[in-house]
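Colleague: Each step along the sequence shown adds one to the number in numbering that gives the first Met the number 0, with nothing skipped, and position 361 is 360. Cβ coordinates follow ideal geometry from the N, Cα and C atoms, glycine included. Quick caveat, the model's predicted, so the values are computed rather than measured.
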Amino acid sequence: MDMTRIAQSGQVTRRTFLSRAQQWAGALAAAAVLTGCSTILPSAGQPTSPVAPTETIHKVAILVPLTGQNADIGISIANAATMGFIDTQAATVRMTSYDTAAGADVAAQRALADGNRLILGPLLSDDVVKVAGYARPAGVPIISFSNDVGSAGPGVFLMGQLPSQSVERVVSYAFAKGKRRFAALVPNTVYGQRASSALQGTVRGLGATLTGIEVYDRTSESAAAAAKRLQAKGGYDALLIADNGRAAMMVAPHVRKFGGRNAQILGVELWNNESALAGDANLRGAWYASISDNLYPQFADGYKKRFGRDPYRLSSLGYDAALLTVRVAREWPLGAPFPMSRLMERDGFVGLDGTFRFLADGRSERMLEISQVNAGGFAVIDAAPAAFAN
């Protein structure tokens, strides 16, 4: 998982976690009455979805941080997965949550010892590697919420949006609109490295020109220096800022001042949850590629009614992972290993975030839309394709 997003999730203390747990318990109980199912608030080693008799269920584990620095986002994902199982009335699937804050390896060993045949999560790429060390030998597949391709591989599938696909989508769109000379400003992070590689490959494949890529360390001074270096390399008519929305707002004034006054600014999927972009004049008219938000407001409303607070945007990954599990479970014989091959269906799956599918190497492929930053809001200017071409 890209740490840009995790850093924005905030910190919670153990006391805060318990307080919120008490607040959400009432909402969960109400939801259980409405659906005729029993639920238990996400807590390490406790069931979090409708419970059926042990001899007639598939055991699924969700590994996320439920305490510590990233607890808020982990709880939000676990709650969303719970919501997915409730909404689909998944009577043959029992999901149990395990807290990775005390060690992803410990959580993985507990999940496997409890007989779980599928693992949803974990969230952080380093934790994915640790969990895979135990899950692979046991033949238990992992559907992770990370977007770090370095953690994908045999038996490890990534639900997270990959920066390479966002870059390819927005650059290809800009090329179709007549842009031919591309440049980029990227942070000095793993995400920046991956975005740079994706840009180079996309520009090369399109037959366009890449005038330069410059790295900055997320300070205004460094961004200004990087923009000046790009200016010295020659002109460009489209500039990619491969960073989160807050960083893009810091970088954009320097772009406009040093060589990019009239350039088309391009962004990535990290911009999707940054509403402040619409108030930045330097980014007005910018294009970025991301998953569709068409279904998310309805989900967020339902989540708030059940759990008493707004979800984190990434929580949709938990919901979609639950929907995916339920779909596969229809043809998953009780007592048998999870049918991993079903995850690689050519037509993919449809979820809150649109259509997606898994590739053999564990990466996910998503249908992305193009949005434009306008004064006070955003507008979809090129809808996500409804289905995969091949």
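1) Can you tell me which of V214, V372 and G177 puts its alpha carbon nearest to the alpha carbon of L229?
2) I'd like the ranges of any beta strand (DSSP E) spanning at least 3 consecutive residues and lying wholly in the segment 315-375.
3) Distance check for N115 and D107, CA to CA, integer angstroms please.
4) Can you grab the Cα-Cα spacing for the pair R283 / N146, in whole Å?
5) Within this structure, are the beta carbons of L333 and I142 separated by less than 9 Å?
6) Mind reading off the beta-carbon distance from R403 to F387? Whole number of angstroms is fine, and I expect it under 8 Å.
7) According to the Cβ coordinates, are A60 and I118 closer than 9 Å?
8) Going by CA-CA distance only, name the one from R135, F181 and Y190 that's closest to L161.
9) How would you write the range of the alpha helix (DSSP H) that S163 sits in, first residue to last?
10) Applying the 10 Å Cβ sphere with the 16-neighbour rule, what's the burial state of T38?
11) Is the beta carbon of E368 less than 9 Å from the beta carbon of I290?
12) Going by the CB atoms, is the gap between G120 and T99 shorter than 9 Å?
13) Following the continuous beta strand (DSSP E) through V267, name the residue where it begins and the one where it ends.
14) So, do the segment 176-193 and the segment 287-306 have three or more beta carbon pairs nearer to each other than 8 Å?
15) Using the beta-carbon count (16 or more within 10 Å), is A380 buried or exposed?
16) Can you check which of these residues, M366, G73 and R179, is closest to T201 by C-alpha distance?
17) Are the segment 321-330 and the segment 298-306 in contact at 8 Å, needing three or more beta carbon pairs?
18) Between which two residues does the alpha helix (DSSP H) containing Y311 stretch?
19) If you scan the segment 193-244 from start to end, which runs of the beta strand (DSSP E) of 3 or more residues do you find wholly inside it?
20) Roughly how many whole angstroms lie between the Cα atoms of A90 and G375?
21) Which residues in the same chain have their Cβ closer than 6 Å to the Cβ of N271, if we skip the five residues on either side of it in sequence?
22) Might you give, ordered along the chain, the residues of its own chain that have their beta carbon closer than 6 Å to the beta carbon of V250, omitting 5 neighbours on each side?
23) Can you list, in chain order, the stretches of the beta strand (DSSP E) that have 3 or more residues and sit fully within the segment 85-162?
24) Going by DSSP in three states, P64 sits in which element: helix, strand or coil?
25) Comparing C-alpha positions only, which one of I85, G159, I264 and G73 sits nearest to V372?
26) Can you tell me whether DSSP reads P384 as helix, strand or coil?
27) Between I76 and F144, how many whole angstroms is the CB-CB distance? I'm expecting something under 8 Å.
28) With a threshold of 16 other CB atoms inside 10 Å of the CB of S274, please say whether the residue is buried or exposed.
29) Only counting the same chain, and skipping five residues up and downstream in sequence, which positions put a Cβ closer than 6 Å to that of A194?
30) Give the straight-line distance between the Cα atoms of G278 and R245, rounded to the nearest whole angstrom.
Modeller: So, to answer that:
1) The residue you call residue 229 lines up with position 230 of the sequence shown. When each option's Cα is compared against that of L229, the closest is V214.
2) 348-350, 353-357, 363-365 and 368-373
3) In the sequence shown, residue 107 corresponds to position 108, counting from 1. In the sequence shown, residue 115 corresponds to position 116, counting from 1. Note on identity: in this sequence residue 107 is Ala, with Asp being the wrong assignment. If I take the Cα positions, the gap works out to 10 Å.
4) As a first step, residue 283 is located in the sequence shown; it is residue number 284 there, counting from the start. As a first step, residue 146 is located in the sequence shown; it is residue number 147 there, counting from the start. Cα to Cα, the separation comes out at about 28 Å.
5) As a working mapping, residue 333 is identified with position 334 in the sequence shown. As a working mapping, residue 142 is identified with position 143 in the sequence shown. The answer is no: Cβ separation not under 9 Å.
6) Absent from the model: residue 403. The displayed extent of the chain is 0 to 389, so no value can be given.
7) Sequence index remark: in the sequence shown, residue 60 carries index 61 (1-based). Sequence index remark: in the sequence shown, residue 118 carries index 119 (1-based). Result yes, Cβ atoms of A60 and I118 sit closer than 9 Å.
8) Working through the sequence shown from its first residue, we reach residue 161 at position 162. Nearest C-alpha to L161: Y190.
9) For the purposes of this step, residue 163 is taken as residue 164 along the sequence shown, with counting starting at 1. Counting along the chain, the alpha helix (DSSP H) containing S163 begins and ends at P162 to A175.
10) For the purposes of this step, residue 38 is taken as the residue at position 39 of the sequence shown. Reliability fails at T38, whose pLDDT of 32 lies under 50, so the model's placement of it is uncertain and the value that follows must be treated cautiously. Classification for T38: buried.
11) If you number the sequence shown from 1, residue 368 lands on position 369. If you number the sequence shown from 1, residue 290 lands on position 291. Closer than 9 Å, so yes.
12) Locating residue 99 in the sequence shown gives position 100, where the first residue counts as 1. Locating residue 120 in the sequence shown gives position 121, where the first residue counts as 1. Yes, these two residues count as a Cβ contact at 9 Å.
13) As a first step, residue 267 must be located in the sequence shown, where it is residue number 268. No beta strand (DSSP E) holds V267; DSSP gives it neither H nor E.
14) no
15) As a working note, residue 380 is residue 381 in the sequence shown. The sequence as given places Ile at residue 380; Ala does not occur at that position. Exposed.
16) Along the sequence shown, read from residue 1 onward, the residue named residue 201 stands at position 202. Residue R179 is the option with its Cα nearest to T201.
17) no
18) The residue you call residue 311 lines up with position 312 of the sequence shown. Y311 -> no alpha helix (DSSP H), and no H or E assigned at all.
19) 208-215 and 237-240
20) Here residue 90 corresponds to residue number 91 of the sequence shown, with the count starting at 1. Here residue 375 corresponds to residue number 376 of the sequence shown, with the count starting at 1. If you take the alpha carbons of A90 and G375, they lie about 44 Å apart.
21) The residue you call residue 271 lines up with position 272 of the sequence shown. Cβ within range, chain order: S289.
22) In the sequence shown, the residue the question calls residue 250 occupies position 251. Only L184, A222 and I240 meet the Cβ criterion.
23) 92-98, 117-119, 141-143 and 155-157
24) Within the sequence shown, numbered from 1, the residue matching residue 64 stands at position 65. Coil.
25) One-based indexing of the sequence shown puts residue 372 at position 373. When each option's Cα is compared against that of V372, the closest is I264.
26) The count along the sequence shown starts at 1 and reaches residue 384 at position 385. Three-state result, P384: coil.
27) Translated into the one-based positions of the sequence shown, residue 76 becomes position 77. Translated into the one-based positions of the sequence shown, residue 144 becomes position 145. The pair is a contact, with the Cβ atoms about 6 Å apart (cut-off 8 Å).
28) In the sequence shown, the residue the question calls residue 274 occupies position 275. Classification of S274: exposed, given that the 10 Å Cβ count is below 16.
29) Here the question's residue 194 lines up with position 195 in the sequence shown. Once the five neighbours on either side are set aside, the close Cβ partners of A194 are P162, V166, V185 and A241.
30) On the sequence shown, position 279 is the one that residue 278 refers to. On the sequence shown, position 246 is the one that residue 245 refers to. Each residue's alpha carbon lies about 12 Å from the other.
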